[in-house]
Every structure is written in structure tokens, then in C-alpha cells.
Amino acid sequence: MPNAIVWLRNDLRLDDHPALRAALEGGYTPVPAYIHAPAEEGAWAPGAASDAWRARSLIALDADLRSRGSRLLVRHGPTADALARLIADSGAEAVFWNRKYEPTTQPRDTALKKQLRERGLRVKSFNGSLFFEPWQLATQQGGPYQVFTPFWRAAQAQWRVPELWDAPARLPAVPATLADESAASLPLSPRPDWDRSFWQHWQPGEAGAREALEVFADGALQGYHSERDRPDRIGTSRLSPHLHCGEIAPWRIVRMLEPLRNRDNGADIDAYVRQLGWREFAHHLLHHFPQTPDEDLNPRFRRFDWAEPDLTLLAAWQRGRTGVPIIDAGMRELWATGYMHNRVRMIAASYLSKHLRYHWSYGARWFWETLVDADLANNTLGWQWVAGTGADAAPYFRVFNPVTQAERFDLDGVYIARWLPELAALPLPLRFAPWRQPEALATAAPDYPRLPVIDLDAGRDAALAAYRKSGPR
DNA sequence: TGTCGCTTTAC
DNA sequence: TAAAGCGAC
């Protein structure tokens, strides 16, 4: 059988893998390959936490391949050279991959496709990660959607969920002449190993993704619609890092959840699928507005009076020492697990971009380095949304009050107590705003900040004043 | 997927 | 006196 390179990127799975399927159905021996080439992703090369995740995911993928008689080839970039060498060494006649949509990698992949075809290879790319290609949905005028609701309405009108496809139990062996390099040898793990504590919370890899889906389907799905905002509960799917690496296809999630639909959980399933819709929307926006990882989409903010970050305060935000418990709990959850509950992400992001008035890109960069689910489309949309600078964004004047939010969503203070154990001794209303009783705080937690780094009222007022000053419209 | 301050309404 | 309603940011 002729060989076909199956170039793996953010699709580290075997089931529901269009490129792998195309190789097999085309009568090829798949040669699965991963090429490490972070420099080609420019300023948004994967951050440390998602690298650490990917290192484990690659090892899991290699094990899955080996259990079926194949294996993963690992190579170093430049990608064009690594592919050329793989093609030469294997005599491959075809190259298949699933598309990525980032502004740096997409032009690279388009150019590669052209070059490889000119050399007589059969090359084909597929949609391996989205319900819709980012260019597929368009407004009546033919432009991109900038508001989620009409985007989602259009998506639902054309809704089609791909068939599931299970990879065969046996795969053809990769030619023995192709050299091995262990996935474990890639420089993807942070030093020092700050990620050590992550892995009691996560199992990277396709099996881990499938297990996370089962846990969600049997648990948090019931009541997801209301509980997903509760950081103190396991109220979310926790599938985001698995989705980011492509360890599971979103259509498999939908196909697994839909049969569970009953009288009680219809709103829960709809609410979850709607979140997958935001992921689609994020990719749609990144495709049409490729500058948005670095620039405000709304031009009004070019003349907005962002504050020059004080590096000490920025570090306080990063490491959970702002003096505002719900934010510090979230930032410490992030540091300890590589993840933060979505509701808390919004509260922490609002504080950075409004109370502190730092440009959201400082926060986006920190999340990029520390989130295991860091995804350029989602991270960009999320930050521009909270900061009020993006598409269909919360208006800038919508300022979250972190005390009110904590009272509403962490009502028993359990989340705060979990990540800020030093505050667990404080009684309830005080735990949300400990500066209101300095003596009690000093006794319970002598090392915790006495006051928020920015006073809540003063920060809010300054943000609103800056917004007014940035002009009409 | 907000907050605040003010007014109105209900008791 | 407090909950509910409303407009402005």
C-alpha cells in the first residue's frame, strides 16, 4: 500500500478523524506525524500550560497508535522541511491533515498545500474541529456575523451533525525504516515543573476526553443550564482542553448527548450546545478579523485611556493577591490546575480591564500562558467580550462587582475557601469582602492583602469616566 | 452572561 | 421598610 502522511496538529485523536479516515479509505498506509514548530505560530505560539497538556496528549496518542499496530512520528520544524524529509524517507504519495484556523498557521498551510501539489503529491485538508468552516456562514449582505444571536440562528438553520466514525482496531504498521523520536523528548514541559499539580485534575488524551464526556453526561449535564455559573460546583463539562487539542470532536459530544434528551434536560443540552456555538462564533470571528488577538475590534478603544500597567499590581492579579477573594480564588485555581471556572474568568477579566483599566491583552497573555485550554479564538473572543472592545461584547460600562458576583454565584463561599484556605475561617458575608472588618482579617489571614489593590468604587468610577471621555458612540 | 441610584409599589 | 421597576452608564 502506498504511504500517506497524516499530519497531526490540533486533532490528537483517532476516532472522528477525517484526515486519518481519508488515508485509510484511499487505500494508503497512514504515517501519523507531529511536527514541532512553535516559531511558525509567531507571537501566539502555544503557551506553557497548553504545551504541557499537548506533551501528555501526544504520548497518549502514540500509545493509542501503538496499541493498534501503528505509531506516531515526531519531528522538528521548519514544517516544510520536516514534511519534505518525511515524504522522501517514506515515499509517501499523499498528505492529509485537518485544518487549523489561526492567522499565522492558515497561510502557511495554504502555501504548503500548493508546494506539495506542485511536487505531484495528493494533498487534501479537512474540517476536523468545527461544525461549520469559519467562512461558511454569512449575513444576508455576505459579510461576517458580529452578533452571536443571528450567527447562532443561521448555524441552527443549517445544522448538520457529521456521522461518527470509529478508527479501526488495527492500523497498518508505519514502515520500520522511519526513525523514531519519542514524543516525550519534545521540549513542551515547563521548567520548573509548575504544572505538577495539574495532573490530579486532568487526563489528557482521547481516552481522557471520552471519560470527561461520560462524567459530564452522567453528572453536571443535569442542571447545567443553571449550575454552569456555580464555580463551587462541578457544574461545567470541563471539556475545553480536550476540545482545544482535538482529543474529541464536537460532533461526537453532540451525538452522545442528544440521545439522553428527556423531559427534564432539554434546556441543559441546549445551553451546552449553545456554548459550543460560542466556540464556533469565536473561530468565525478570528477568521474574519485576524488582527483581533492583538487589537481592539471596536476602533473607539484606540483613543481609550488605558492605564499603564504597574508590574507589581499586574503580578498581584496574576498570582491571586489582589485582596478581592473571588478573583484571587480564581487566579489561584488557574495557577494550581491550569483552568478557571468561566464565571470567575469573567469576574477576574472585568477587574483587570475595568477596575485596573489595563488593556485586556495583558490578561489575555497571562491566560494564554497558564490555561491548559488556551485557544486563540476563544481567548481572544472572551477577553474582547469582557473588556467591551469586541464583537457583540458586553458594553464597557457593564462592570462586574466582584463582591456581588461572589455572593450570587459562590453563595456559600465554598469556592473561595477551597482556593484561599486562609479565608475559610471568616464567616460568610465577610469572606466575600474581608476588608470590611480589618481586625477579623488580620487575625484569620495575616498574610492576605488588607485592602483590594484597587478600591472597588474608585476603580469602577475611573473606568466609567475614561469610557465617557473616549467619546460619543 | 451588570450595577447603581432613584422612584414606585406593596404592605 | 423593602422589594420591584427603571434609566443611565
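Numbering-wise (the UniProt record's numbering), the first sequence opens with residue 1 and increments by one. From the three backbone atoms N, C-alpha and C, an ideal C-beta is built for every residue, glycine too. From a predicted model like this one, the values you see are computed outputs, not experimental measurements.
State yes or no: is the C-beta of residue i within less than 8 Å of the C-beta of residue j?
i	j	result
L257	Y272	yes
A425	A444	yes
A63	S189	no
H287	S50	no
Q203	E211	yes
D218	D15	no
F397	L464	yes
R431	H355	no
W135	W7	no
G320	W335	yes
L130	F151	no
R99	G77	no
I59	A33	no
A207	V74	no
V372	P241	yes
L12	L65	no
P293	L221	no
I347	Q275	no
A55	E369	no
N298	G390	yes
R119	E40	no
R300	G143	no
E163	G205	no
L178	D89	yes
D195	G27	no
Within the same chain, show all residues whose beta-carbon is closer than 8 Å to that of residue i, passing over the 5 residues directly before and after it, in chain order.
i	result
L352	W317, Y358, W360, Y362, G363
P172	M1, T29, P30, G69, S70
L121	I87, A92, E93, A94, V95
A267	H225
L428	D412, G413
W159	F131
Is it buried or exposed, residue i, if we count other Cβ atoms within 10 angstroms and call 16 or more buried?
i	result
residue 475	What is shown of the chain runs 1 to 473, which leaves residue 475 out entirely.
F400	buried
G330	buried
S57	buried
D296	buried
E102	buried
T469	First, the residue type needs correcting, since residue 469 is Lys and not Thr in the sequence shown. Under this definition K469 is an exposed residue.
N262	exposed
T105	buried
R191	exposed
D270	exposed
L311	exposed
D447	exposed
H284	buried
W385	buried
H17	buried
Give every residue of the same chain whose Cβ lies closer than 7 Å to the Cβ of residue i, excluding the five residues on either side of it in the sequence, and list them in chain order.
i	result
R230	F409
Y415	P231, D232, A329
P452	T322, G323, V324, W435
F367	A374, N379
E407	F432
A169	R68
P395	G388
I327	I347, A348, Y351, P402
In chain order, what residues of the same chain lie with their CB nearer than 6 Å to the CB of residue i, ignoring the 5 residues before and after it?
i	result
F148	F281, D392
L313	V453
M340	G330, E333, L334
L116	V95, V123
A154	L137
May I ask you to list the residues that DSSP assigns as paired with residue i?
i	result
W7	A33, W97
Every unbroken alpha helix (DSSP H) within the stretch 355 to 382, with a cutoff of 4 residues, ordered by chain:
360 to 370
Residue ranges of each alpha helix (DSSP H) run of no fewer than 4 residues wholly in the stretch 400 to 468, ordered along the chain?
402 to 409, 414 to 419, 428 to 432, 438 to 444
What runs of the beta strand (DSSP E), each 3 residues or longer, lie entirely inside the stretch 59 to 144?
73 to 76, 94 to 98, 122 to 126
Report the residue ranges of all alpha helix (DSSP H) runs contained in full by the stretch 138 to 224; include only those spanning at least 4 residues, in chain order.
148 to 157, 206 to 218
Whole alpha helix (DSSP H) runs in the stretch 215 to 273 with 4 or more residues, listed along the chain?
224 to 227, 240 to 245, 250 to 257
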